[in-house]
Structures are given as C-alpha cells and as structure tokens.
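> These protein sequence lines map, in sequence, to chains A and B.
Under the numbering used here, the first sequence is numbered contiguously, ending at residue 224.
Under the numbering used here, the second sequence is numbered contiguously, ending at residue 224.
The structure that follows is given in the form of structure tokens.
Number of protein chains: 2
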Amino acid sequence: MEKKIEDYLGFIKSRKSVRDFIFEKIEKEKINEILECGRWAPSGLNNQPWKVNVVNHPTIKRMVAENTKYSAIVEGAYYNLVIFLDKKKGYNRVKDIQSIGAFIENILLGAHALNLGAVWIGEILNKKEKMNEIFKLKEEDYELMGVVAIGVEEKTKKNSGTDERKRETVENFTEWY
Amino acid sequence: MEKKIEDYLGFIKSRKSVRDFIFEKIEKEKINEILECGRWAPSGLNNQPWKVNVVNHPTIKRMVAENTKYSAIVEGAYYNLVIFLDKKKGYNRVKDIQSIGAFIENILLGAHALNLGAVWIGEILNKKEKMNEIFKLKEEDYELMGVVAIGVEEKTKKNSGTDERKRETVENFTEWY
Numbered sequence: 048m049e050k051k052i053e054d055y056l057g058f059i060k061s062r063k064s065v066r067d068f069i070f071e072k073i074e075k076e077k078i079n080e081i082l083e084c085g086r087w088a089p090s091g092l093n094n095q096p097w098k099v100n101v102v103n104h105p106t107i108k109r110m111v112a113e114n115t116k117y118s119a120i121v122e123g124a125y126y127n128l129v130i131f132l133d134k135k136k137g138y139n140r141v142k143d144i145q146s147i148g149a150f151i152e153n154i155l156l157g158a159h160a161l162n163l164g165a166v167w168i169g170e171i172l173n174k175k176e177k178m179n180e181i182f183k184l185k186e187e188d189y190e191l192m193g194v195v196a197i198g199v200e201e202k203t204k205k206n207s208g209t210d211e212r213k214r215e216t217v218e219n220f221t222e223w224y
Numbered sequence: 048m049e050k051k052i053e054d055y056l057g058f059i060k061s062r063k064s065v066r067d068f069i070f071e072k073i074e075k076e077k078i079n080e081i082l083e084c085g086r087w088a089p090s091g092l093n094n095q096p097w098k099v100n101v102v103n104h105p106t107i108k109r110m111v112a113e114n115t116k117y118s119a120i121v122e123g124a125y126y127n128l129v130i131f132l133d134k135k136k137g138y139n140r141v142k143d144i145q146s147i148g149a150f151i152e153n154i155l156l157g158a159h160a161l162n163l164g165a166v167w168i169g170e171i172l173n174k175k176e177k178m179n180e181i182f183k184l185k186e187e188d189y190e191l192m193g194v195v196a197i198g199v200e201e202k203t204k205k206n207s208g209t210d211e212r213k214r215e216t217v218e219n220f221t222e223w224y
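Written as structure tokens, this is what we have:
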C-alpha cells in the first residue's frame, strides 16, 4: 500500500480516549484548528446544527465538572468543549444527532492530529438541563450533546484509554451482498 | 506548524461528498480497510452498536436504489454500505445515534484516505422499513441509519460535491468562556 494512504488510515485508527492530562497551557489557536476540523463535518442538507462553548475559565469549568461523575477529567483538561445541538437549525432528529456524532469525531481526530489528548464525555447528558442553565441557553433552542475534554496527555499513566482499545472485528459486524 | 500535523488536519478538512463515479472495480480489501476505520470509532460504554451490509451484487443494489431519490448515485457506486443501528447493542438512543455518526465519519475519512469517492445518503431513512425487508432484518433488532455509496470519483464533473464545500465559520458557532 502507498505510504501516504497507510499513514492516513493509521492516523484514523490510532485515535484513542485520553483521560489523564498534565497541566500545560494549550494555545487558543490549537482549539481553533480543532474546531476547523469539526466545521467540515457532513450534515443532512448541510444544516451544520452544532454550537460549541469552549470552557477555559476555572469557575465555569468547575460548574461544568459538578454535573458529571467524571469531574476529575473535566477539571484536569485545559479546555472543555461543551457541544450543543442547535435545534433552530435542526430538521430531522436522527440525522441531526448523527451529524453531531460526525462533528465530535472530527474534533477528536483534530485533537489527535495535534498530538493532544481528548475524551468524549456522554454521561453528562444526565444533567443536560444544568448545562442550559450555566450557559443561559433556552431548552427549546439548544440541547446538550456532549463534552469533549482536551489536554496534554499524561503519558506515564499506563492505563490511559487502553481499556477502550478493544473492538469487535470487522467480520463480526459486516455482511457481504 | 509541524508538517505532519498540517498534513493530518488538511486530510480531515479536505474530505468532501462525491456523487459521480466512474465504473472501476474496487478491491474488497479496500472496503475492509475502510471498515477498519469505522471499527475504531468511539461509542458510549464502547457498545459499538453498528451493523453494515456491504452491497455489490447488481440485483441487491437495484433493490436499495429503488428506495431513494438518489438512485443514480447508488447505482453508480461500486459498493454501497447499508448501515444499521443494532438495537440489541443499544443503551441510550441519543448516544447510540451519535456513535453511528462517528462511525460513518470514520468510514468517509477511510474512503478519503484511500482516494476513493464517497457520499453519505440520509434521505433513504424515509424508506427504512424497506431496507429491513430487503435484508430480512427484524425492525425490533435493526434500524437503518444511512447508506454510504463508494466508488472511484468521476473527476471531470466539475460540480462533484463542490456545492457542499460551504460552511459557517468557526466563530459563528463558537463562544469562549
């Protein structure tokens, strides 16, 4: 296989969840680069139904962290991207939510490209109303879709994300016709 | 910026929808490589709630094509990946559907890595029950999530996908806290 192809495939396949971060400043410009990756995600009718609140301020970060059992991850991350579905832009709930998934995956891959650690926190959806309160967003307009915590990976922790590096084989979820 | 980083970011951002294909055989092995990218998508509790039926046979392809107004795209593609939510593996509808979105994005990026053209067809969800019938899948177990048509891009068609190469700027969907 051509080297460049192999390189890109390896890049996609090597993304993993990183939950342990060291305290090291990340330039705002890098978050912009990551959001540029999200920006080019596909969506039905190209409706781009996403909104992102980038949290760096310690007080807001604490308010977000208080609403998940993964508060240590949120607190440890240099930035947390709080991602909402912009319902005003939505047209089909299944497709809108799928496109948010594609958007988040592009963000995770963007962080991976920049050699930053990141993890997608979905458990916080249990407290989605609280996120609307914190950011003063009307529930009829915005719905929490997840938080992506981003930081510089603490590489000495051997277990960082390795538990998730398990997947069913392709043949286990694929049939050929 | 480091060259490799720039290269990966450019790779993610340059993926586009391709709807016009030439008739050229694609090795099954390439589809396996693409599915390997999907395989490593993230999902809540790592539940991997996806199932893929890869369609190459002309009769089955026609049956799929008959259920979308984008039949010409389906017919023109060498392979169509018919993607289902495996409800037996599901645990939270929003998170399951998001992970299908991440799975599909990895598939689109995998095709992009292999220099193949691909487009995500969501409109076929209007006929999702028909897809269950074609593949003899129970509706309580599987739900159609989309079709990804894959082929070798017809590069002479200038309009291929370019209409979608428009997005809001990052600052239009982002706030900083």
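The beta carbon of each residue, even a glycine, is placed where N, CA and C say it ideally should be.
Only a predicted model underlies this, so the values are computations on that prediction, with no experimental measurement involved.
What would DSSP say about residue 98 (chain B), mapped onto helix, strand or coil?
Strand at residue 98 (chain B).
> Can you tell me which of the three DSSP states residue 216 (chain A) falls into?
coil
> DSSP three-state call for residue 150 (chain B): helix, strand or coil?
helix
> Write down the C-beta distance between residue 237 (chain B) and residue 92 (chain B) rounded to the nearest angstrom, noting that I regard them as a contact closer than 8 Å.
Residue 237 (chain B) lies beyond the stretch modelled for chain B, which goes from 48 to 224, so this question has no answer here.
> With DSSP as the reference, label residue 80 (chain B) as helix, strand or coil.
helix
> When we look at the beta-carbon of residue 104 (chain B) and count the other beta-carbons within 10 Å, is it buried (16 or more) or exposed?
exposed
> So for residue 124 (chain B), helix, strand or coil by DSSP?
DSSP, read as helix, strand or coil, puts residue 124 (chain B) in coil.
> Using only alpha-carbon positions, find the residue among B:171, B:88, B:133 that is nearest to residue 148 (chain B).
B:88
> Mind listing the chain A neighbours of residue 79 (chain B)? Cutoff is C-beta to C-beta under 7 Å, in chain order.
217
> Given residue 100 (chain B), which residues of its chain have a CB within under 7 Å of its CB, disregarding the five upstream and five downstream residues?
129, 182
> Can you pull the chain B neighbours of residue 55 (chain A), defined as C-beta to C-beta under 7 Å?
58, 160
> Starting from residue 193 (chain B), trace the beta strand (DSSP E) in both directions and tell me its first and last residue.
Residues 189-200.
> Quick check: the Cα distance between residue 134 (chain B) and residue 48 (chain B), rounded to an integer number of angstroms?
C-alpha separation (whole angstroms): 43 Å.
> Identify which residue in B:196, B:140, B:151 has its Cα closest to the Cα of residue 109 (chain B).
The closest CA to that of residue 109 (chain B), considering only B:196, B:140, B:151, is found on B:196.
> Quick check on the burial criterion: 16 or more other C-beta atoms within 10 angstroms. Buried or exposed for residue 221 (chain A)?
Result: buried.
> In chain E, which residues lie less than 7 Å from residue 113 (chain A) when you measure between Cβ atoms?
The displayed structure is made up of protein chains A and B, and chain E is not among them.
> Find the residues of chain B that neighbour residue 137 (chain A), judging by a C-beta separation of less than 7 Å, and give them in chain order.
Near residue 137 (chain A) there are no residues of chain B at all, since even the closest Cβ is about 13 Å away, more than 7 Å.
> For a test of the three-state rule: what should DSSP assign to residue 106 (chain A), helix, strand or coil?
helix
> Rounding to the nearest angstrom, what Cα-Cα distance links residue 122 (chain B) and residue 112 (chain B) in this structure?
If I take the Cα positions, the gap works out to 6 Å.
> Pull up the distance between the alpha-carbon of residue 136 (chain B) and that of residue 56 (chain B), whole angstroms please.
Take the alpha-carbon of residue 136 (chain B) and the one of residue 56 (chain B): they are about 33 Å apart.
> What's the call for residue 61 (chain B), buried or exposed, on a 16-neighbour Cβ count within 10 Å?
exposed
> Quick one: is residue 141 (chain B) near chain A, going by C-beta distance under 9 Å?
yes
> Could you please give the first and the last residue of the uninterrupted beta strand (DSSP E) stretch that includes residue 222 (chain B)?
221-223
> Let me know if residue 58 (chain B) comes out buried or exposed under the rule of 16 or more other beta-carbons within 10 Å of its beta-carbon.
buried
> What residues are listed by DSSP as bridge partners for residue 111 (chain A)?
DSSP lists no bridge partner for residue 111 (chain A).
> Got a sec: is the Cβ-Cβ distance from residue 177 (chain A) to anything in chain B below 9 Å?
no
> May I ask you to list, following chain order, the residues of the stretch 91-111 of chain A that have a beta carbon less than 8 Å from some beta carbon of chain B?
91, 93, 95, 97, 98, 99, 100, 101, 102, 103, 104, 107
> For a cutoff of 9 Å on Cβ pairs, would you count residue 120 (chain B) as touching chain A?
no
> Taking the alpha-carbon positions, what's the residue 215 (chain A) to residue 115 (chain B) distance?
Residue 115 (chain B) has its alpha-carbon roughly 31 Å from the corresponding atom of residue 215 (chain A).
> Within 10 angstroms of the Cβ of residue 153 (chain A), are there 16 or more other Cβ atoms? Answer buried if so, exposed if not.
buried
> Since residue 117 (chain A) contacts residue 102 (chain A) with CB under 8 Å, what's their CB separation in whole angstroms?
Rounded, the Cβ-Cβ distance is 14 Å, inconsistent with contact.
> Taking 9 Å as the cut-off, decide whether the C-beta atoms of residue 165 (chain A) and residue 193 (chain A) are in contact.
no
> For residue 82 (chain A), which of A:95, A:71, A:144 has the nearest alpha-carbon?
Closest by C-alpha distance to residue 82 (chain A), out of A:95, A:71, A:144, is A:95.
> Expressed to the nearest angstrom, what Euclidean distance is found between the alpha-carbon atoms of residue 72 (chain B) and residue 150 (chain A)?
31 Å
> Closer than 9 Å, CB to CB, is residue 185 (chain A) near chain B or not?
no
> With DSSP run on the structure shown, which of helix, strand or coil describes residue 54 (chain A)?
helix
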